[in-house]
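For the sequence shown, position 17 (counting from the first letter as 1) is numbered 17 according to the UniProt record's numbering, and the numbering increases by one without interruption. Let me begin by presenting the structure, written as structure tokens, before commenting on it.
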Amino acid sequence: MSHHTIEEIPDSDKVFHDTVFMEKNKHISDRWVRIAELYPDGISQPLLPAEFSREQFGQGNHYECFMLTALSTLVRFPSVIQNCFVSKHVRRDGRYTFQFFRGREWVKVEIDDQIPLEEDGELYIRSPTGHWWPLLLEKAYAKFYTGYENLEGCTLQETYH
């Protein structure tokens, strides 16, 4: 297994916009908001909690639930979740860096913190406890697979690759 250090760009006061990912995914929702607008308490909470739990995430309005199954399993292995997050703290600029393993190497994935919404709430993963990590991890994984709609119908085995 090849391993090199993936680093994140230092935090900044200038808000990051992932225009390429947004352009490819704008059709899934007319409304995207920064995660702090959804969960303002998350600004003062650790990005990664001391303990991960199933209560920290739930199904949004879209009924694709493979990610819920994957996260429900992963909370039992917190080091796996922590390893995906290169960014370990809440960032002012909204740029979060992740790493996922593909083939024989780690792949760097950078996202902004804008989340797709419908009129009555989150389109995909939501967090009843106000934690940011599930929504950001899902978005990063969607980008890893080139878009939210490419996650539809994923098997649990594909989720872990």
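Glycine included, each C-beta is placed from N, C-alpha and C at the ideal position. The structure presented is a predicted model; accordingly, all values stated were derived computationally and were not measured.
{"query": "By alpha-carbon positions, which one of V90, E51, N83, R76 ends up nearest to Q99?", "result": "N83"}
{"query": "Can you grab the Cα-Cα spacing for the pair V86 / T97, in whole Å?", "result": "5 Å"}
{"query": "Compare the beta carbon distance of F16 and R95 with 8 Å and say whether it is the shorter of the two.", "result": "yes"}
{"query": "Kindly list the residues whose CB is nearer than 6 Å to the CB of R126, restricted to its own chain and excluding five residues on each side of it in sequence; keep chain order.", "result": "G58, G60"}
{"query": "If you drop the 5 nearest sequence neighbours on each side, which residues of the same chain put their C-beta closer than 6 Å to that of W32?", "result": "Q114, P116"}
{"query": "Mark E55 as exposed unless 16 or more other C-beta atoms lie within 10 angstroms of its C-beta, in which case mark it buried.", "result": "exposed"}
{"query": "Do you know how far the Cα of A70 is from the Cα of Y124?", "result": "14 Å"}
{"query": "Between the Cα of D11 and those of L38, P128, S53, D112, spot the shortest distance and give me the residue it belongs to.", "result": "D112"}
{"query": "Just how far apart, CA to CA, sit L136 and P49?", "result": "14 Å"}
{"query": "Taking the alpha carbon of G130 as the point to measure from, which residue in R102, V109, E37 has its own alpha carbon closest?", "result": "E37"}
{"query": "Taking only runs of the beta strand (DSSP E) that begin and end inside the UniProt domain \"Calpain catalytic\" (32-161), which ones reach a length of at least 3 residues, in chain order?", "result": "96-102, 105-111, 114-118"}
{"query": "To the nearest angstrom, how far is the alpha carbon of T146 from that of D18?", "result": "13 Å"}
{"query": "Quick one, are the C-beta atoms of K108 and I6 less than 8 Å apart?", "result": "yes"}
{"query": "Does the distance from the C-beta atom of L47 to that of V90 stay below 8 Å?", "result": "yes"}
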